[in-house]
């Protein structure tokens, strides 16, 4: 039988070794205590800093939601935009504070201008700055102790980037001016009267109109389920002097809703069957009086009754290259115009774009020019000839200099003078694939056709306040773009998010 027996041995020295191991362990543990404590503290700091950033991001999300919700019946509503300071509280004492800076178009698309709060013009973008921390929300600022800040840029999307809407103001009075007004409702009821009221600074939803390519006068933001195309100025047929102008759902090319800005800056009616200018114009029932209804009246030059001055944001109506007009992109309701129908005048102007339901606009805004080219290399310079039907024909003449006292004028197209022939050559550019060079009109000296800037102090203008025309060193300025599509400036999504 096989058996096993436990081997016995000498255990002397085991106890001292065990004590030594225990002492070494205690020493190592003692040494690690501050390391562990520091690591726990560092973890807490990182966790807190992460929480601050998350709370700031929550502020951005909240502001973004309010921006996107600023609408009525699916259309953007300027008056529902969130205020410029927003605050909120999270859990466990965390808070955020958001500031919003709204911007409007500046001299060109890359140079937006900050607005006052609340914004009074349709913004093109907004900067959202959010700070998160444990301090009271009202005291949170960029760089405050125990906080983190992030910033992001929101770009507004609109149906038509260059037609933001604007006022339709009477030419007189200039003090306490009067503007077309739709009343208190953002979408007036069918049959509601069109009136004039004192113009509101920067406009408001009841005074913000768009002049569409169908020649409709449309209240911006008036789209509803019952009127998906919005509400437009309407006078039904048959017509008579004194008939009231009212709002009805927009019908597009229906003659009863077509209003053409004529030579006198009246909104002329359209004939029912012949698609020609009609016999009536929109006019105040009582000249120069706020609260007065607009009715069908006579056409002509009564400044405080039937002469209107559309703001650029209203739009250019039917004016475009299709009807041989030159529409300025920055001053979007204005077209190149032979001053006072006089080709020998000392300067050209950019006047309110004239309209006609058949597209046959007056000759002093009608131009025959080289076709738009896709690049300078493929462009063929040529004359820009006025539509004057009588001989001799006149063409646009560059001064060949950017001196402020030298303006674009006109000369006989059949001139035999070499210098004049050179100064009558222009290159007309379309979409070149590059924003800066697209939609320019360039003379043979390398300068660009430009109206004078109406936004500067003491602008250089014609007697009625419209811009004169000159040439200037070519740049990316929107003043130098002609017959560009209204959506030339494409909006982007939420961009440029970063920590400050």
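Residue numbers (our numbering): 19 to 518.
Beta carbons are placed, not taken as given, at the ideal position from N, Cα and C, and that holds for glycine.
Asked	Found
Residue 286 vs residue 250 beta-carbon contact at 8 Å	no
C-beta atoms of residue 338 and residue 501 nearer than 8 Å	yes
Residue 312 versus residue 86: straight-line alpha-carbon distance, rounded	35 Å
Residue 381, DSSP secondary structure in three states	helix
Stretch-stretch touch, CB-based, cutoff 8 Å, three pairs: the stretch 202-210 with the stretch 252-270	yes
Straight-line Cα distance separating residue 433 from residue 185	43 Å
Where the alpha helix (DSSP H) containing residue 519 begins and where it ends	Residue numbering for the chain in the displayed model covers 19 to 518; residue 519 lies beyond these limits and cannot be assessed.
CA-to-CA distance, residue 301 to residue 260, given in whole angstroms	9 Å
Through-space distance from residue 121 to residue 63, alpha-carbon basis	Since pLDDT at residue 63 reaches only 43, below the 50 mark, its modelled position is unreliable, and the value read off the structure follows with that caveat. Near 37 Å, if we compare the C-alpha coordinates of residue 121 and residue 63.
Contact between the stretch 218-230 and the stretch 194-206 (3+ Cβ pairs under 8 Å)	yes
Pairwise C-alpha distance: residue 68 and residue 60	Because the pLDDT of residue 60 is 43, which lies under 50, any placement of that residue in the model is unreliable, and the question is left without a value.
DSSP state of residue 461 mapped onto helix, strand, coil	strand
Three-state class that DSSP yields for residue 115 in the structure shown	strand
For residue 140 and residue 113, the rounded distance between their alpha carbons	30 Å
Contact the stretch 187-194 vs the stretch 235-246: 3+ CB pairs below 8 Å	no
DSSP state of residue 273 mapped onto helix, strand, coil	helix
Whole-angstrom distance between residue 368 and residue 187, CA atom to CA atom	18 Å
CA nearest to the CA of residue 398, picked from 376, 204, 462	462
8 Å Cβ shell around residue 292 - same chain, five flanking residues per side excluded	none
Residue 498 to residue 325 span [Cα, whole Å]	28 Å
Segments of 3+ residues assigned as beta strand (DSSP E) that fall wholly inside the stretch 450-499	459-461, 465-469, 485-491
Exposure label - residue 386; buried when at least 16 CB within 10 Å	exposed
Cα-Cα separation between residue 155 and residue 117, rounded to whole angstroms	12 Å
Local Cβ density within 10 Å of residue 340, reported as buried at 16 or more and exposed below that	exposed
Where residue 241 falls: helix, strand or coil (DSSP)	coil
N-terminal and C-terminal residue of the beta strand (DSSP E) that residue 266 is part of	264-267
Per-residue DSSP class, three states only, for residue 78	helix
Cβ-based neighbour list, residue 58, same chain, cut-off 6 Å, excluding 5 preceding and 5 following	Note that residue 58 has pLDDT 40, beneath the 50 cutoff, so the model's placement of it is unreliable and the number below is only indicative. The answer is none, since no qualifying residue turns up.
Residue environment, residue 358, which counts as buried when at least 16 other CB atoms sit within 10 Å	exposed
C-beta atoms of residue 226 and residue 254 nearer than 8 Å	no
Span of the beta strand (DSSP E), counted from its first residue to its last, around residue 232	Looking at the DSSP string, residue 232 is not in any beta strand (DSSP E), and its letter there is neither H nor E.
Buried versus exposed, by CB contacts within 10 Å (16 or more), residue 376	exposed
Endpoints, beta strand (DSSP E) assigned at residue 198	196-199
DSSP state of residue 396 mapped onto helix, strand, coil	coil
Classification of residue 345 by the beta-carbon crowding that lies within 10 angstroms, buried from 16 upward	buried
Option nearest residue 142 by Cα separation, candidates 321, 222, 182	182
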